[in-house]
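Engineer: As you go down the protein sequences, you meet chains A and B in turn. Sequential numbering from 100 applies to the first sequence in the working numbering. Sequential numbering from 975 applies to the second sequence in the working numbering. Ideal placement from N, C-alpha and C gives every residue a C-beta, glycine not left out.
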Amino acid sequence: MSAVDHPAPAHEIRERFGFLRRSYAMLIKEFIQLRRDRVSFAMIVMLPVMQLMLFGYAINTTPHHLPSAVLLQEDSDLARSILKALENTAYFRFLYEVHDVEDFDNLLKSGKVLFGVEIPRGFERAVRRGDRPALLVAADATDPVAASSAIGSLGMVVQTALKHDLYIGDPPEMPFEIRAHARYNPAAASSLNIVPGLVGTILTMTMLIFTALSVTREVERGTMESLLSMPIKPVEVMFGKIIPYVLVGFVQAFLIISIGVGLFGVPVFGNLFLLALLSTLFITTNLSIGYTISTLVQNQLQAMQMSMMFFLPSILLSGFMFPFAGMPAWAQYVGEGLPLTHYLRIVRAIMLKGATMENLRYDALALAVLMLIAMTIAVTRFRRTLD
Amino acid sequence: MNGGNGIAIDVKGLTKSFGGREVVHDLSMQVKRGSIYGFLGPNGSGKTTTIRILCGLLTPDSGEGTCLGYDIRRDAEKIKRQVGYMTQRFSLYQDLSVRENLEFVARLYGLADARGAARDMVKRLGLSGREEQLAGELSGGWKQRLALGACTLPSPKLLLLDEPTAGVDPKARRDFWNEIHALAADGLTVLVSTHYMDEAERCHEIAYIAYGHLLAHGTVEEVIAKSALSTYTVTGEDLNELAAALTGKPGVDMVAPFGTSLHVSGRDVAALEASIAPWRERSGLHWQKSHPSLEDVFIELMSRSKDNFQ
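1. Please confirm whether Ala287(A) has its beta-carbon closer than 8 Å to some beta-carbon of chain B.
2. Measuring CA to CA, which of Asn1214(B), Leu1085(B), Glu1179(B), Ser1071(B) is closest to Ala1109(B)?
3. Please list, in chain order, the chain A residues whose beta carbon lies closer than 9 Å to that of Arg1026(B).
4. Can you confirm whether Gly1090(B), when its beta carbon is compared against all beta carbons of chain A, has any partner nearer than 8 Å?
5. Can Lys986(B) and Ser1009(B) be called in contact, C-beta distance under 8 Å?
6. How far does the beta strand (DSSP E) with Leu988(B) in it extend, from its first residue to its last?
7. What does Ile131(A) touch in chain B if you count any residue whose Cβ is under 9 Å from its own?
8. Taking the alpha helix (DSSP H) that Ala1184(B) falls in, what are its first and last residues?
9. With distances taken between CB atoms, is the gap from Glu196(A) to Val169(A) smaller than 8 Å?
10. At the 8 Å Cβ level, is Leu1032(B) part of the contact set with chain A, yes or no?
11. Quick one: what does DSSP say Arg1029(B) is sitting in, helix, strand or coil?
12. How long is the line joining the alpha carbons of Ala1217(B) and Val1208(B), rounded to whole angstroms?
13. For Tyr195(A), list the residues DSSP reports as bridge partners.
14. If you compare alpha carbons, which of Arg1098(B), Gly1015(B), Leu1133(B), Ala1219(B) is closest to Pro1252(B)?
15. Residues of chain B with CB under 8 Å from Glu319(A), in chain order?
16. Does the stretch 1074-1083 of chain B come within contact of the stretch 113-123 of chain A, defined as at least 3 CB pairs closer than 8 Å?
17. Report yes if the C-beta distance between Tyr1185(B) and Ser1267(B) is below 8 Å; otherwise report no.
18. According to the Cβ coordinates, are Lys340(A) and Thr300(A) closer than 8 Å?
19. To the nearest whole angstrom, what separates the beta carbons of Thr989(B) and Asp1035(B), a pair I think is in contact under 8 Å?
20. So, with DSSP's three-state summary, where would you put Ala1080(B)?
21. Which of helix, strand or coil does DSSP assign to Ile1010(B)?
22. Residues of chain B with CB under 8 Å from Ile331(A), in chain order?
23. Does the stretch 317-337 of chain A come into contact with the stretch 408-422 of chain A, if we say contact requires no fewer than three beta-carbon pairs (one atom in each stretch) closer than 8 Å?
24. Throw me the rounded Cβ distance for the Thr1023(B) and Val998(B) pair, which I believe falls under 8 Å.
25. Report yes if the C-beta distance between Leu126(A) and Leu327(A) is below 8 Å; otherwise report no.
26. List the residues of chain A whose Cβ lies closer than 7 Å to the Cβ of Thr1040(B), in chain order.
27. So Thr383(A) and Met470(A) are supposed to be a Cβ contact under 8 Å. How far apart are they, rounded?
28. Is it buried or exposed for Glu1142(B), if we count other Cβ within 10 angstroms and need 16 for buried?
29. Within the 8 Å Cβ cut-off, does Pro1130(B) reach chain D?
30. So the alpha helix (DSSP H) Glu1215(B) belongs to, where does it begin and stop?
31. Hey, does Ala1109(B) have any beta-carbon neighbour from chain A nearer than 8 Å?
32. Report the neighbours of Glu435(A) on chain B: residues whose CB is nearer than 9 Å to its CB, in chain order.
33. Does any residue of chain A have a CB that is nearer than 8 Å to the CB of Arg1055(B)?
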């Protein structure tokens, strides 16, 4: 080396704003590494788009042309009219007409049909008499989501369709009762409900994993030893590692919401700025939790496993999959401790109900508290030595 | 800072255990400012652990001392600002370019002009034109150079180099040592661990550590003299046979082949000469009393310490 020929010019060292300088150093480094990591970079865009397409279309709770069967125990004009009306809703498609209960049951059991309508013997006569007989609707319980919204719309649809065929009094009153054998599921409304939920779910998953790997990666690549020997503090490492991903999360949230609005026709009734602000808070909370995981585990595999451990309850107990109010009390308590629960309320309220900050104070505060707890744990858990 | 006394590292009684195994035992050492201090010893002898204690990466179980006048227990953060530590394993970011790695270090230490400092270092390292190459794609020798460059970038007062030349070709090793001497000439203190005897001989002072114990220290000449080892160099035929016959004889502490010759050493001259007497006059063997080499001394120290501690 040629140090003797070119002595290094002494460079001035600045002590002021050391915190910002060192955090900035870390942040720039993380950005560069992120840019170099083509796979992660592709994931930032592909993951939300693919998941949204997949779930957005797959979790479609407005079913169409559900394969159905009818058990006709009487062949009356009224029965024919009802079937016709049901078929006109485009919810049902009657593939089978059976006259025997056993055949009817077998069709449902084998999965050939998801839906069965049973018109009992003497139905028309009972209607004419004003006895309000029951029209039995049996839904395949293995797919309650698909069934429930079809059932939900059944009553109205039939009533409208039958207006001309039946004498319906004023105020209109159903001349028969629809007895459905499936529970109504309020969460299974439509993509209007799913897409905002997906914003939170996708962000939880991607943000968590990005930072969950960040510290263990440095340890496994051997760069941690060098980093620890330099004058950087745990808080500075944390900020340097979190901030680049806040931007990444913001891009993801923007992508998902744009697709939701453009492709799935989800409205945004509320203030976009408020949505962006609270989304940033949620993103930072998740990044902090991911970073905390990173300081708790030994290697990248453990980091992935722990992220999953956090991700699963987030999906199940946050109100994304099942209605929050329907969960037992203990599950609701757990749910309150998950950022996704609060964000789901926020994002659904802003997008669908046009909620303001006034309405969302509690959930925003909860997110901030969770973030601070995670950061505190991370900073105290961060090992400053190799002991 | 009590820097006036000219001592960069002054530690006493350092002890460190991992999982019940004592890796460093009651280690005391002093390193003068501006000197190159060689740290020698077999693998797993506690060299890396000692270096990590010195730069604050590990806290000793017991013992105390100062590094650049700062307490190694209390002032780890202050020590970190003035110490450049080059790890045994390449620990720069492989997915960052040469320039980006240097800028990162410069920013972390708060250099006012991080880009300028990195640019100067690239020039100084002779890496001009390769600034944008990823660090992970550099050859072993260049990685070493870059790592040293990153360590010296914030103008530290003390360099801790953990086996910096392991796996580097002789030419690159020689360049590396020239650089270290140039840095020391500028007043930098360098503590360097190594396995190579030729490198040890380029140090101002050396310390030999085995199984956590500091067994010898001083200048190369002092260490050899203190060993009180008498060595005979034998050349001739059937040296393997001779080696087998002499091993374990009273007074013969070490028998080691060196190329076409055999080194026979012992601390008790009388016993050694008595044991080798029957072979002294044997035809085909040429005996010569010689000075023990540093390697002789170390191998002898190592075999002795093995008996004591293992």
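Structural biologist: Reading it off the structure:
1. Stepping through the first sequence from its first residue, residue 287(A) is reached at position 188. Bear in mind that a pLDDT of 41 at Ala287(A), under 50, signals an unreliable position, so the number given afterwards is only what the model happens to contain. No - not a single Cβ of chain B is within 8 Å of the one on Ala287(A).
2. Numbered from its first residue, the second sequence carries residue 1109(B) at position 135. Among Asn1214(B), Leu1085(B), Glu1179(B), Ser1071(B), the Cα nearest to that of Ala1109(B) is on Ser1071(B).
3. Reading the second sequence from its first residue, position 52 is the one you call residue 1026(B). In chain order: Glu324, Ser328, Thr484, Leu485.
4. Position 116 of the second sequence, counted from the start, is the residue given in the question as residue 1090(B). Taking Cβ atoms only, chain A reaches closer than 8 Å to Gly1090(B), which makes this a yes.
5. In the second sequence, counting from the first residue as 1, residue 986(B) sits at position 12. In the second sequence, counting from the first residue as 1, residue 1009(B) sits at position 35. It is not a contact, given that the beta carbons lie outside the stated cut-off.
6. Within the second sequence, the letter at position 14 stands for residue 988(B). Where Leu988(B) is concerned, the enclosing beta strand (DSSP E) stretches over 981-992.
7. Position 32 of the first sequence, counted from the start, is the residue given in the question as residue 131(A). What Ile131(A) touches in chain B: Tyr1067, Asp1069, Leu1070, Ser1071, Glu1074, Phe1078.
8. As a first step, residue 1184(B) must be located in the second sequence, where it is residue number 210. Taken as a continuous stretch (DSSP letters only), Ala1184(B) belongs to no alpha helix (DSSP H), being part of the beta strand (DSSP E) at 1179-1184.
9. As a first step, residue 196(A) is located in the first sequence; it is residue number 97 there, counting from the start. As a first step, residue 169(A) is located in the first sequence; it is residue number 70 there, counting from the start. Cβ distance < 8 Å, so Glu196(A) and Val169(A) count as in contact.
10. The sequence position of residue 1032(B) within the second sequence is 58, counting from 1. At least one chain A Cβ lies under 8 Å of Leu1032(B).
11. Taking the first residue of the second sequence as 1, we reach residue 1029(B) at position 55. According to the sequence shown, residue 1029(B) is Cys rather than Arg. Cys1029(B) falls in the coil class under three-state DSSP.
12. Residue mapping note: residue 1217(B) aligns to position 243 of the second sequence, counting from 1. Residue mapping note: residue 1208(B) aligns to position 234 of the second sequence, counting from 1. If I take the Cα positions, the gap works out to 10 Å.
13. Along the first sequence, one-based indexing puts residue 195(A) at 96. Its beta-bridge partners are Ala168(A).
14. Counting from one through the second sequence, the residue named residue 1252(B) turns up at place 278. Closest by alpha carbon: Ala1219(B).
15. Within the first sequence, residue 319(A) is the residue found at index 220, counting from 1. Those do not exist, as Glu319(A) stays about 11 Å from chain B at its closest Cβ, beyond 8 Å.
16. yes
17. Residue mapping note: residue 1185(B) aligns to position 211 of the second sequence, counting from 1. Residue mapping note: residue 1267(B) aligns to position 293 of the second sequence, counting from 1. Not closer than 8 Å, so no.
18. Your numbering for residue 340(A) matches position 241 in the first sequence. Your numbering for residue 300(A) matches position 201 in the first sequence. Contact annotation: Lys340(A) and Thr300(A) have beta-carbon atoms that are not nearer than 8 Å.
19. Residue mapping note: residue 989(B) aligns to position 15 of the second sequence, counting from 1. Residue mapping note: residue 1035(B) aligns to position 61 of the second sequence, counting from 1. That belief holds up - the Cβ atoms of Thr989(B) and Asp1035(B) are roughly 5 Å apart, short of 8 Å.
20. The residue you call residue 1080(B) lines up with position 106 of the second sequence. Here Ala1080(B) sits in helix by DSSP.
21. Taking the second sequence and counting its residues from 1, one reaches residue 1010(B) at position 36. Reduced to three states, the DSSP call for Ile1010(B) is strand.
22. Here residue 331(A) is taken as the residue at index 232 of the first sequence, counted from 1. The answer, in chain order, is Leu1082.
23. no
24. For the purposes of this step, residue 1023(B) is identified with residue 49 of the second sequence, where counting begins at 1. For the purposes of this step, residue 998(B) is identified with residue 24 of the second sequence, where counting begins at 1. Right, the Cβ-Cβ distance comes to about 5 Å (below 8 Å), so this counts as a contact.
25. Position 27 of the first sequence, counting from 1, holds the residue named residue 126(A). Position 228 of the first sequence, counting from 1, holds the residue named residue 327(A). Not a contact, by the Cβ cut-off of 8 Å.
26. Residue numbering aside, residue 1040(B) sits at position 66 when the second sequence is read from its first letter. Under the 7 Å cutoff, chain A gives no residues; its nearest Cβ is about 18 Å from Thr1040(B).
27. To locate residue 383(A), count along the first sequence from 1; it is residue 284. To locate residue 470(A), count along the first sequence from 1; it is residue 371. Thr383(A) to Met470(A), Cβ: 6 Å. Contact.
28. Here the question's residue 1142(B) lines up with position 168 in the second sequence. According to the sequence displayed, residue 1142(B) carries Val and not Glu. Answer is buried; the Cβ neighbour count reaches 16.
29. The chain labelled as chain D is not found among the protein chains of the depicted structure, namely A and B.
30. Residue 1215(B) sits at position 241 when you count from the first residue of the second sequence. First-last of the alpha helix (DSSP H) with Glu1215(B): 1213-1220.
31. Within the second sequence, the letter at position 135 stands for residue 1109(B). Chain A, which has no Cβ nearer than 8 Å to the Cβ of Ala1109(B), makes this no.
32. Looking up residue 435(A) in the first sequence gives position 336. Under the 9 Å cutoff, chain B gives no residues; its nearest Cβ is about 39 Å from Glu435(A).
33. On the second sequence, residue 1055(B) is found 81 positions in, with the first residue counted as 1. With 8 Å as the cut-off, Arg1055(B) counts as an interface residue toward chain A.
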